[in-house]
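K.L.:
I'd like to ask you about the structure that follows.
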Amino acid sequence: MKSIPANLAWLNLPNLPTPVKVLFSGYLLAIGLGLCMAGLQIMLTHGMADGKPGLSLDDIVYSYYGNRSGSKLESMLNGSMKEMGTPEARIDIIKWVRNGAPEAEWEPHFKGVFNEHCVPCHSTVPNIPDFTKYEEVKKVAKVNEGASIQTLTRSSHIHLFGISFIFFFMGFIFSFAVGVPRWLKILAIAFPFGFLIVDVLSWWLTKWNPNFAWFTLIGGFGYSVASTVMWFISMYQMLILSRNEKIYGNAWESDLK
Ligand code: HEC
């Protein structure tokens with residue numbers, strides 16, 4: 012048993028009282044899982060934006076800037092829906108879509124084409140457009156301008172508020188780490204906030220100019236690395252380094268020097 016220190020020498024990750032360690036490591040565990048799920052979700056939504064699996068620069072451009080040379084329907088017909096119809100039907104649909112998908116040709120011709128090649132799935136599979144209806148075809152036949160301003164403002168404020176909370180507590184916990192040089196601690200705590208702002212700004216910039224998609228990758232990569240480093244050091248110090256029974260001294264006091 013350690014004796015109770017008169018000063019705050021226990022105020023560091025390895026020497027924290029067990030209830031506080033349970034609180035901190037429980038939080039980090041849940042947040043860590045949450046971050047993995049967020050990564051997976053990005054792969055499954057944005058990752059598929061260009062019709063190919065895996066996250067690429069194109070996905071980011073498609074998501075925010077859109078694909079202004081064609082519609083969603085056309086890019087899907089060149090992507091994961093390519094094998095669905097005959098090559099003739101595909102070309103036929105693409106030509107019609109490029110013409111603005113006029114309704115006059117729906118009943119006499121295209122309704123039948125979609126019925127034959129697409130409707131077996133696109134009317135039965137949930138959460139994909141129902142191609143028995145012209146309105147649903149029309150929606151995906153529009154030129155894809157990427158994320159709308161409404162979507163951008165919504166996801167920007169949710170990200171900025173929500174993720175700042177995650178980084179706040181993560182950085183707060185990490186500030187009690189021992190043996191980390193003062194400058195490194197400051198950088199590790201500041202980086203996620205900086206990269207978060209770069210990430211969110213880059214969505215807006217990419218909507219305007221697709222070359223900014225790089226910043227989305229840099230921002231996302233930057234805060235993933237910074238928070239992973241803080242996560243592992245914090246967990247290691249609380250759960251493993253603590254086992255040698257050493258008293259490390261007040262973590263904040265040592266950072267004053
Ligand atoms: C074997 C089933 C199947 C057939 C046949 C099929 N699709 Fe799909 N389609 C899907 C599934 C599943 C998705 C959602 C997953 C994805 O995006 O790849 C989808 C997604 C789409 C999307 C994107 C919809 C959106 O809003 O995200 C378009 C556009 C599309 N299909 C067009 C077509 C066209 C045009 C045809 C006919 C030439 C066709 N599909 C035939 C299964 C099918």
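So the mapping is simple: my numbering equals the position in the sequence shown, first residue as 1, plus 11. Backbone N, C-alpha and C define an ideal beta-carbon position, used for all residues, glycine too. In this text the structure is predicted, and so the values were computed from the model without any measurement.
1) Indicate whether the contact test is met: 3 or more Cβ pairs, each with one atom in the segment 179-186 and one in the segment 34-42, closer than 8 Å.
2) Hey, would you say the C-beta of Ser91 is under 6 Å away from at least one heavy atom of ligand 1?
3) By the 10 Å Cβ neighbour count, where 16 or more other Cβ atoms means buried, how is Leu250 classified, buried or exposed?
4) Is the Cβ-Cβ distance between Val189 and Asn18 less than 7 Å?
5) Going by the CB atoms, is the gap between Thr239 and Ile71 shorter than 7 Å?
6) Can you grab the Cα-Cα spacing for the pair Pro113 / Ala224, in whole Å?
7) Alpha carbons only, please: which of Lys32, Met92 and Lys257 is nearest the one belonging to Ser245?
8) Roughly how many whole angstroms lie between the Cα atoms of Thr162 and Tyr75?
9) Beta-carbon within less than 7 Å of Asp69's beta-carbon, same chain only, minus the 5 sequence neighbours each way: which residues are those?
10) Out of Asn155, Ala199, Ser166 and Ala237, point me to the one whose CA is closest to Leu212's CA.
11) For Pro119, does the count of other Cβ atoms within 10 angstroms reach 16, so buried, or fall short, so exposed?
12) Would you say the beta carbon of Leu66 comes nearer than 6 Å to a heavy atom of ligand 1?
13) Helix, strand or coil for Val154 per DSSP?
14) In this structure, does DSSP put Ser86 in helix, strand or coil?
15) Leaving aside the five residues before and after Phe176 along the sequence, list all residues of the same chain whose C-beta is less than 8 Å from its C-beta, in chain order.
16) Spatial neighbours of Leu142 within its chain, please: C-beta separation below 7 Å, excluding the five flanking residues on both sides.
17) Does DSSP put Ser80 in a helix, a strand or coil?
18) Can you round the beta-carbon distance between Gly77 and Leu66 to whole angstroms, since I take them to be within the 8 Å contact cut?
19) Near Met95, which residues of its chain fall below 7 Å by C-beta distance, leaving aside the five closest residues on each side in sequence?
20) Closest by CA to Trp107, which one among Gly81, Met92, Lys93 and Ser91?
21) Which same chain residues end up closer than 8 Å to Ile139 when comparing Cβ atoms and leaving out the 5 residues on each side of it in sequence?
22) Any idea if Ser159 is buried or exposed, counting beta-carbon neighbours within 10 angstroms, 16 or more meaning buried?
23) Shorter than 6 Å, the distance from the beta carbon of Ile102 to the closest heavy atom of ligand 2, or not?
24) For Lys196, does the count of other Cβ atoms within 10 angstroms reach 16, so buried, or fall short, so exposed?
25) Going by DSSP in three states, Pro28 sits in which element: helix, strand or coil?
P.N.:
Straight from the coordinates:
1) Result yes; three or more Cβ-Cβ pairs closer than 8 Å.
2) Position 80 of the sequence shown holds residue 91. For ligand 1, at least one heavy atom lies less than 6 Å from the Cβ of Ser91.
3) In the sequence shown, counting from the first residue as 1, residue 250 sits at position 239. Exposed, because fewer than 16 other Cβ atoms sit within 10 Å of the Cβ of Leu250.
4) Sequence index remark: in the sequence shown, residue 189 carries index 178 (1-based). Sequence index remark: in the sequence shown, residue 18 carries index 7 (1-based). Cβ distance not < 7 Å, so Val189 and Asn18 don't count as in contact.
5) The sequence position of residue 71 within the sequence shown is 60, counting from 1. The sequence position of residue 239 within the sequence shown is 228, counting from 1. No. Outside cutoff.
6) The count along the sequence shown starts at 1 and reaches residue 113 at position 102. The count along the sequence shown starts at 1 and reaches residue 224 at position 213. Those two C-alpha atoms are separated by around 34 Å.
7) Position 234 of the sequence shown, counted from the start, is the residue given in the question as residue 245. The residue with the shortest Cα to Cα distance from Ser245 is Lys32.
8) Residue numbering aside, residue 162 sits at position 151 when the sequence shown is read from its first letter. Residue numbering aside, residue 75 sits at position 64 when the sequence shown is read from its first letter. Taking the straight line joining both Cα atoms gives about 10 Å.
9) Walking along the sequence shown from the start, residue 69 turns up at place 58. In its chain, beyond the 5 residues on either side, Asp61 have a beta carbon closer than 7 Å to the beta carbon of Asp69.
10) Indexing the sequence shown from 1 puts residue 212 at position 201. Relative to the Cα of Leu212, the nearest Cα in the group Asn155, Ala199, Ser166 and Ala237 belongs to Ser166.
11) Here residue 119 corresponds to residue number 108 of the sequence shown, with the count starting at 1. Exposed, since its Cβ has fewer than 16 Cβ neighbours within 10 Å.
12) Numbered from 1 along the sequence shown, position 55 holds the residue referred to as residue 66. The answer is no for Leu66.
13) By one-based count along the sequence shown, residue 154 stands at place 143. Of the three classes helix, strand and coil, the one that applies to Val154 here is strand, per DSSP.
14) By 1-based counting over the sequence shown, the position of residue 86 is 75. Taken through DSSP and simplified to helix, strand or coil, Ser86 comes out as helix.
15) Here residue 176 refers to the residue found at position 165 when the sequence shown is read from its first residue. Excluding the 5 residues flanking it on each side, Phe176 has no same chain C-beta neighbour closer than 8 Å.
16) Counting from 1 along the sequence shown, the entry for residue 142 is found at position 131. Reading off the sequence shown, one finds Phe at residue 142, where the question assumed Leu. Excluding positions up to five away in sequence, the list reads Phe125, Cys129, Val130, His133, Ser134 and Val148.
17) Along the sequence shown, read from residue 1 onward, the residue named residue 80 stands at position 69. Under the three-state reduction of DSSP, Ser80 is assigned to strand.
18) Taking the first residue of the sequence shown as position 1, residue 77 is located at position 66. Taking the first residue of the sequence shown as position 1, residue 66 is located at position 55. The pair is not a contact, with the Cβ atoms about 17 Å apart (cut-off 8 Å).
19) Along the sequence shown, one-based indexing puts residue 95 at 84. So the list reads His128 and Cys129, once near-sequence residues are dropped.
20) Taking the sequence shown and counting its residues from 1, one reaches residue 107 at position 96. Checking every option, the nearest Cα to that of Trp107 belongs to Gly81.
21) For this step, residue 139 is matched to residue 128 along the sequence shown. These residues qualify, in order along the chain: Cys132 and His133.
22) Here residue 159 corresponds to residue number 148 of the sequence shown, with the count starting at 1. With fewer than 16 other CB atoms across the displayed protein chains lying within 10 angstroms of its CB, Ser159 is exposed.
23) Ligands in the displayed structure: ligand 1; ligand 2 is not one of them.
24) Here residue 196 refers to the residue found at position 185 when the sequence shown is read from its first residue. Its Cβ being crowded by 16 or more others within 10 Å, Lys196 is buried.
25) As a first step, residue 28 must be located in the sequence shown, where it is residue number 17. Coil at Pro28, not helix or strand.
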